[in-house]
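S.K.: Let me give you the structure first, and then I'll get to my questions.
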Amino acid sequence: MKLRRLLILTVALSLVGGSAIYADTIAQKVRIVINKQELDDQGMLEDGKAYVGVRSLADLMKALVIWDDAAKKVSIVKPNVHMFLMDGSKPFGGVERGKKSFKVFSQVDNLTTSINAFKVTIADPYGDEKEIETHTSKESDFPTDKDNFWFTSGEYAYNFSSVGKYTIRFWMKSADGGAYQVVSEKTVFAK
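Take the position in the sequence shown, starting the count at 1, then add 67; the result is the number in our numbering.
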């Protein structure tokens, strides 16, 4: 009786173990790296195809994610947003430590979806972020040509108090009511 019970238990355990090994070979976790930056979420590799989380991929690409529940569709929209900083009439990418006033010039094209707001922020080397300027679709001068528009912020005074990288970010909010998403970044070095 004990031998029979032992034989049944051995067969059952080997089937369970074999199933777990088979399932692990079907879907494997993989690291996804784009331009030397690794996604926060791990991807899955199944039958030679990589599956990636849409939100983390879009965040890394600096793109908008548009969800359409009715059509069961998700779109990733990557507008071209070019930014540069001006001190008076002089562009810059590096500064001496201390207070500096500047404007942010932005040119946006290839935006294939409607937005209802955008903003520009600056983050210090420690991650403390301050808003430079925000605009919403309720304003009369909000860009109506979504495919190509230019934006110039007002003069902004900022204290570059630490040595390191400061990050200027251009954020957009899609018209579907989603949250702000970063679509462009520019780095300024303070020495």
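Every residue, glycine too, gets a C-beta built ideally from N, C-alpha and C.
Using a Cβ-Cβ cut-off of 8 Å (strictly less than) and excluding sequence neighbours within five positions of Y89, which residues of its own chain qualify?
M.R.: Low confidence applies here, because Y89 scores a pLDDT of 49, under 50, leaving its location unreliable; read the following figure in that light. Excluding residues within five positions, none has a Cβ falling inside 8 Å.
S.K.: Classify R236 as helix, strand or coil using the three-state DSSP reduction.
M.R.: Shown here, R236 sits in a strand according to DSSP, grouped into three states.
S.K.: Taking a contact to mean a Cβ-Cβ separation below 8 Å, would you say A227 touches R164 in this structure?
M.R.: Here the sequence assigns Phe to residue 227, which means Ala is not the residue at that position. Yes, the pair counts as a contact, with Cβ atoms nearer than the cut-off.
S.K.: Looking at I235: is its Cβ nearer than 8 Å to the Cβ of V187?
M.R.: yes
S.K.: Tell me whether I133 is buried or exposed, calling it buried when 16 or more other Cβ atoms sit within 10 Å of its Cβ.
M.R.: buried
S.K.: Count the other C-beta atoms from every protein chain shown that fall within 10 angstroms of the C-beta of I143, then say buried if there are 16 or more, exposed otherwise.
M.R.: exposed
S.K.: On the CB-based measure, 16 or more other CB atoms within 10 Å of its CB, does V175 come out buried or exposed?
M.R.: buried
S.K.: Label P158 either buried or exposed according to how many other C-beta atoms from any shown protein chain fall within 10 Å of its C-beta, with 16 as the threshold for buried.
M.R.: exposed
S.K.: Would you say V250 and K129 are within 8 Å of each other, going by their C-beta atoms?
M.R.: yes
S.K.: Given F151, which residues of its chain have a CB within under 6 Å of its CB, disregarding the five upstream and five downstream residues?
M.R.: Excluding residues within five positions, the ones whose Cβ falls inside 6 Å are P158, F172.
S.K.: Three-state secondary structure (DSSP) at S181?
M.R.: If DSSP states are grouped into helix, strand and coil, S181 belongs with coil.
S.K.: Which residues in the same chain as S86 place their Cβ atom closer than 8 Å to its Cβ, once the five residues preceding and following it in sequence are excluded?
M.R.: Reliability fails at S86, whose pLDDT of 47 lies under 50, so the model's placement of it is uncertain and the value that follows must be treated cautiously. Once the five neighbours on either side are set aside, S86 has no close Cβ partner at all.
S.K.: So what does DSSP say about I88, is it helix, strand or coil?
M.R.: Since pLDDT at I88 reaches only 49, below the 50 mark, its modelled position is unreliable, and no value is offered.
S.K.: Which runs of the beta strand (DSSP E) fall wholly inside the stretch 132 to 216 and span at least 3 residues, in chain order?
M.R.: Counting whole runs of 3 or more residues, the stretch 132 to 216 contains the beta strand (DSSP E) stretches 140 to 144, 147 to 154, 157 to 159, 165 to 176, 182 to 190, 196 to 203.
S.K.: Looking only at DSSP bridge pairs, what is A125 linked to?
M.R.: A125 pairs with nothing; no bridge assigned.
S.K.: Out of F218, T203, F209, E252, state which residue places its alpha-carbon closest to the alpha-carbon of G244.
M.R.: Ranking the options by Cα distance to G244, first place goes to T203.
S.K.: Checking the sheet assignment: what are the DSSP bridge partners for L112?
M.R.: As computed with DSSP, L112 is found in a beta bridge with Q95, A117.
S.K.: Which same chain residues, not among the five before or five after V148, have their C-beta less than 7 Å away from its C-beta?
M.R.: S173, V175, F237, V250, S251
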